[in-house]
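Novice:
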Amino acid sequence: MKALRRATAAVTAAVAVLTGCSAGGDDPPDSRRSGHTGSAAPGAGPAQRMRGITLPAWNTDDYDRREARRYLRQIADTGARWVVFTPTWYQDGIRRSAIHTTEETASDHSLRRIVGLAHATGLKVMLKPHVDLVDGGDRAEIKPVDREAWFTAYERFITHYADLAEELDVEQFAVGTELAGTSADRRRWGKVIAVVRGAYRGPLTYAANYDEYTHVRFWSSLDLIGIDAYWPLADTATTDPARLAKGWKPIVAELAAFAAREDKEILFTEAGYVSQSGTAAAPYSWTVSHRAGADEQSAAYQALLTAFDGQSWWAGVCWWMWDDWPDSGETERRLAYTPHGKPAEQVLRHWWRDGGAADR
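For the sequence shown, position 257 (counting from the first letter as 1) is numbered 322 according to this note's numbering, and the numbering increases by one without interruption.
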């Protein structure tokens with residue numbers, strides 16, 4: 066996605082730099098992950114595919130809110146088995162090297178709480194830390210002048226969350242998200258991954274953008290190929306799932322070949338559609354038309370699940386996103402990515418909970 070941050074005013078000055086994340090004080094929850102060995106993921110038959118939904122945080126205390134427990138129950142009620150959390154640090158420009166927290170960074174205390182609540186709800190957790198730009202620009206454009214300094218900062222950032230993931234028995238971890246300006250650097254990313262593996266014993270992935278994944282040079286060091294699956298599927302607005310599923314056909318063939326070549330399964334670390342007219346033409350756009358299109362959103366959900374049903378190399382999908390926070394500055398809810406209370410939620414229930422064709 067071109068800009069995963071919500072469309073708000075610029076973030077206020079950093080409240081801490083690199084080592085400034087709060088340590089938090091809660092004891093870790095006693096929720097143990099299963100099969101947490103660091104080995105490659107098993108074959109993704111229907112019962113093993115990830116059925117995930119992202120619950121983002123836009124403020125330091127979002128995961129501490131009263132509503133968080135309710136949102137997790139709602140996510141589980143769709144038939145989801147996984148929830149994705151996205152603590153975010155920021156940098157001040159695409160050429161800069163410093164990465165820091167702000168008042169929009171989820172606190173460690175809140176992460177401890179939300180992971181414990183997720184496990185108590187019966188959900189597995191993927192922790193997927195993000196680096197975004199203070200001005201809301203595209204993280205894929207990050208190309209620091211001092212690459213060594215940036216990777217040093219990034220290593221400290223990502224290791225902080227790898228340590229937390231190990232402490233909290235998180236079931237899966239993403240070492241990065243959509244950092245296309247750096248992801249061809251095999252040597253430096255290899256070092257990052259090695260350091261993360263020293264801290265966290267579970268399966269690792271990287272969330273490459275749909276137009277980035279073939280340029281990533283370190284898939285062999287990870288357990289799963291992760292792709293944020295925002296491929297355009299149609300030139301014009303449509304509510305026809307069959308038409309959109311047809312748009313997936315060449316992409317499915319391309320991904321099947323890539324999975325075979327890399328000898329890895331492919332997980333959609335993100336996929337999503339706003340409930341706006343034309344969403345399938347630009348799934349990465351938060352504001353594709355500003356015209357309501359809930360039926361187009363549900364058609365796109367249906368098309369994706371139909372297109373990948375039966376693909377043995379496909380490890381599942383983590384939908385972007387369940388975002389009902391009262392003060393979320395993203396697009397107004399009726400036009401937003403969230404499927405909650407929309408026809409797309411019923412599509413998920415059919416496929417994931419009520420005996421649909423996939424993930425029985």
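Virtual Cβ for every residue (Gly too), placed ideally from N, Cα, C.
Values in this document were obtained by computation on a predicted structure and should not be read as measured data.
Can you name the start and end residues of the alpha helix (DSSP H) that Ala357 belongs to?
Specialist: Indexing the sequence shown from 1 puts residue 357 at position 292. Run containing Ala357: none; DSSP gives neither H nor E here.
Novice: Tell me whether the beta-carbon of Tyr278 lies closer than 7 Å to the beta-carbon of Gly241.
Specialist: What you label residue 278 is simply residue 213 of the sequence shown in a count that begins at 1. What you label residue 241 is simply residue 176 of the sequence shown in a count that begins at 1. Their beta carbons are not under 7 Å apart, which means Tyr278 does not touch Gly241 by this criterion.
Novice: If Asp300 and Tyr275 are in contact, beta carbons under 8 Å, what's the gap, nearest whole angstrom?
Specialist: Taking the first residue of the sequence shown as position 1, residue 300 is located at position 235. Taking the first residue of the sequence shown as position 1, residue 275 is located at position 210. Not quite, the Cβ-Cβ distance comes to about 17 Å (not below 8 Å), so this is no contact.
Novice: Provide the residue(s) that pair with Lys25 in DSSP beta bridges, ordered along the chain.
Specialist: Look at the range of the chain in this structure, 66 to 425, and you will see that residue 25 is not part of it.
Novice: Kindly list the residues whose CB is nearer than 7 Å to the CB of Met289, restricted to its own chain and excluding five residues on each side of it in sequence; keep chain order.
Specialist: For the purposes of this step, residue 289 is identified with residue 224 of the sequence shown, where counting begins at 1. Sequence check: residue 289 is Leu here, not Met. The residues are Ala106, Pro268, Thr270, Lys329, Glu330, Leu332, Ala380.
Novice: So the beta strand (DSSP E) Thr270 belongs to, where does it begin and stop?
Specialist: Numbered from its first residue, the sequence shown carries residue 270 at position 205. Unbroken beta strand (DSSP E) run through Thr270: 269 to 274.
Novice: Who are the Cβ neighbours of Lys208 in its own chain at under 8 Å, not counting the five residues just before and after it?
Specialist: Here residue 208 refers to the residue found at position 143 of the sequence shown. Once the five neighbours on either side are set aside, the close Cβ partners of Lys208 are Ile159, Arg160, Gly246, Thr247.
Novice: Specify the secondary structure class of Gly241 as computed by DSSP and reduced to three states.
Specialist: Taking the first residue of the sequence shown as position 1, residue 241 is located at position 176. Of the three classes helix, strand and coil, the one that applies to Gly241 here is strand, per DSSP.
Novice: Looking at the unbroken alpha helix (DSSP H) that takes in Val180, where does it start and where does it end?
Specialist: As a first step, residue 180 must be located in the sequence shown, where it is residue number 115. It spans 173 to 186 - the alpha helix (DSSP H) in which Val180 sits, taken as one unbroken run.
Novice: Helix, strand or coil for Val281 per DSSP?
Specialist: The count along the sequence shown starts at 1 and reaches residue 281 at position 216. It is coil, neither helix nor strand.
Novice: I believe Ala401 touches Ser340 by the beta-carbon criterion, under 8 Å. Please report the beta-carbon distance rounded to the nearest angstrom.
Specialist: By 1-based counting over the sequence shown, the position of residue 401 is 336. By 1-based counting over the sequence shown, the position of residue 340 is 275. Rounded, the Cβ-Cβ distance is 7 Å, consistent with contact.
Novice: Residue range of the beta strand (DSSP E) that Arg116 falls in?
Specialist: Walking along the sequence shown from the start, residue 116 turns up at place 51. First-last of the beta strand (DSSP E) with Arg116: 115 to 119.
Novice: Flag this pair as touching only if the segment 123 to 139 and the segment 367 to 382 have three or more C-beta atom pairs under 8 Å; answer yes or no.
Specialist: no
Novice: Compare the Cα-Cα distances from Ala324 to each of Trp254, Ser285, Asp129 and report the closest residue.
Specialist: Taking the sequence shown and counting its residues from 1, the one referred to as residue 324 is at position 259. Ranking the options by Cα distance to Ala324, first place goes to Ser285.
Novice: Indicate whether Asp388 and Pro121 have their beta-carbon atoms separated by less than 7 Å.
Specialist: If you number the sequence shown from 1, residue 388 lands on position 323. If you number the sequence shown from 1, residue 121 lands on position 56. Against a cut-off of 7 Å, the Cβ pair of Pro121 and Asp388 comes out as a contact.
Novice: With a 10 Å radius around its C-beta and 16 neighbouring C-beta atoms as the bar for buried, classify His355 as buried or exposed.
Specialist: Sequence index remark: in the sequence shown, residue 355 carries index 290 (1-based). By the neighbour-count criterion, in which a residue is buried when 16 or more other Cβ atoms sit within 10 angstroms of its Cβ, His355 is exposed.
Novice: Suppose the cutoff is 6 Å on Cβ atoms and the five residues either side in sequence are ignored; what does the same chain contact list for Trp296 look like?
Specialist: Indexing the sequence shown from 1 puts residue 296 at position 231. Once the five neighbours on either side are set aside, the close Cβ partners of Trp296 are Tyr275, Ile316.
Novice: What separation, rounded to the nearest whole angstrom, lies between the Cα atoms of Trp313 and Gly406?
Specialist: Along the sequence shown, one-based indexing puts residue 313 at 248. Along the sequence shown, one-based indexing puts residue 406 at 341. Rounded to whole angstroms, Trp313 to Gly406 spans 26 Å at the Cα level.
Novice: Tell me whether the beta-carbon of Val260 lies closer than 7 Å to the beta-carbon of Thr224.
Specialist: On the sequence shown, position 195 is the one that residue 260 refers to. On the sequence shown, position 159 is the one that residue 224 refers to. Yes, these two residues count as a Cβ contact at 7 Å.
Novice: Report yes if the CB atom of Thr119 is closer than 7 Å to the CB atom of Met386, and no otherwise.
Specialist: One-based indexing of the sequence shown puts residue 119 at position 54. One-based indexing of the sequence shown puts residue 386 at position 321. Yes, these two residues count as a Cβ contact at 7 Å.
Novice: Would you grab the beta carbon distance between Thr396 and Thr352 for me? Rounded to a whole angstrom, and I think it's under 8 Å.
Specialist: To locate residue 396, count along the sequence shown from 1; it is residue 331. To locate residue 352, count along the sequence shown from 1; it is residue 287. Going by Cβ atoms, the distance from Thr396 to Thr352 rounds to 6 Å, so yes, they are a contact pair.
Novice: DSSP three-state call for Gln341: helix, strand or coil?
Specialist: In the sequence shown, counting from the first residue as 1, residue 341 sits at position 276. In the structure shown, Gln341 falls within a strand segment according to DSSP collapsed to helix, strand and coil.
Novice: So what's Leu192 in DSSP terms, helix, strand or just coil?
Specialist: Here the question's residue 192 lines up with position 127 in the sequence shown. Here Leu192 sits in strand by DSSP.
Novice: Confirm the yes/no value for this check: CB of Asp173, any heavy atom of the ligand COA, distance under 6 Å.
Specialist: Questions concerning the ligand COA fall outside what the structure shown contains, since it holds no ligand whatsoever.
Novice: For the beta strand (DSSP E) containing Gly144, list its first residue and its last residue.
Specialist: Here residue 144 is taken as the residue at index 79 of the sequence shown, counted from 1. Here Gly144 belongs to no beta strand (DSSP E), and DSSP marks it neither H nor E.
Novice: Three Cβ pairs or more, each shorter than 8 Å: is that satisfied between the segment 229 to 240 and the segment 175 to 194?
Specialist: yes
Novice: With a CB to CB cut of under 8 Å and the five nearest residues on each side skipped, what residues in its chain are close to Tyr338?
Specialist: The count along the sequence shown starts at 1 and reaches residue 338 at position 273. If you ignore the 5 residues before and after Tyr338, its C-beta comes within less than 8 Å of the C-beta of Thr344, Ala345, Pro348, Glu361, Gln362, Ala365, Tyr366, Tyr402, Ala409, all in its own chain and listed in chain order.
Novice: Taking the alpha carbon of Ser350 as the point to measure from, which residue in Asp203, Glu132, Thr217, Ala321 has its own alpha carbon closest?
Specialist: Translated into positions along the sequence shown, residue 350 becomes position 285. With distances taken between Cα atoms, Ser350 lies closest to Asp203.
Novice: Taking DSSP as the reference, what is the three-state secondary structure of Asp91?
Specialist: Against the sequence shown, residue 91 aligns to sequence position 26. With a pLDDT of 36 at Asp91, under the threshold of 50, the modelled position of that residue is not reliable, and the figure given next carries that caveat. Asp91: coil per DSSP, three-state reduction.
Novice: Of all the CB atoms in chain D, is at least one closer than 7 Å to the CB of Phe283?
Specialist: Of the protein chains in this structure there is only one, and it is not chain D.
Novice: Just to confirm my understanding: we take Glu231, look at its own chain, exclude 5 residues before and 5 after, and list those with CB closer than 8 Å. What are they?
Specialist: Locating residue 231 in the sequence shown gives position 166, counting from the first residue. Taken in chain order, the residues that qualify are Ala264, Tyr265, Arg266, Gly267.
Novice: Among Trp378, Val412, Ala357, Asp419, which has the Cα closest to the Cα of Ala368?
Specialist: Within the sequence shown, the letter at position 303 stands for residue 368. That would be Val412, whose Cα lies nearest to the Cα of Ala368.
Novice: Taking the alpha-carbon positions, what's the Arg282 to Gln156 distance?
Specialist: Counted from its first residue, the sequence shown places residue 282 at position 217. Counted from its first residue, the sequence shown places residue 156 at position 91. Those two C-alpha atoms are separated by around 24 Å.
Novice: Give the straight-line distance between the Cα atoms of Tyr128 and His415, rounded to the nearest whole angstrom.
Specialist: Reading the sequence shown from its first residue, position 63 is the one you call residue 128. Reading the sequence shown from its first residue, position 350 is the one you call residue 415. Cα to Cα, the separation comes out at about 28 Å.
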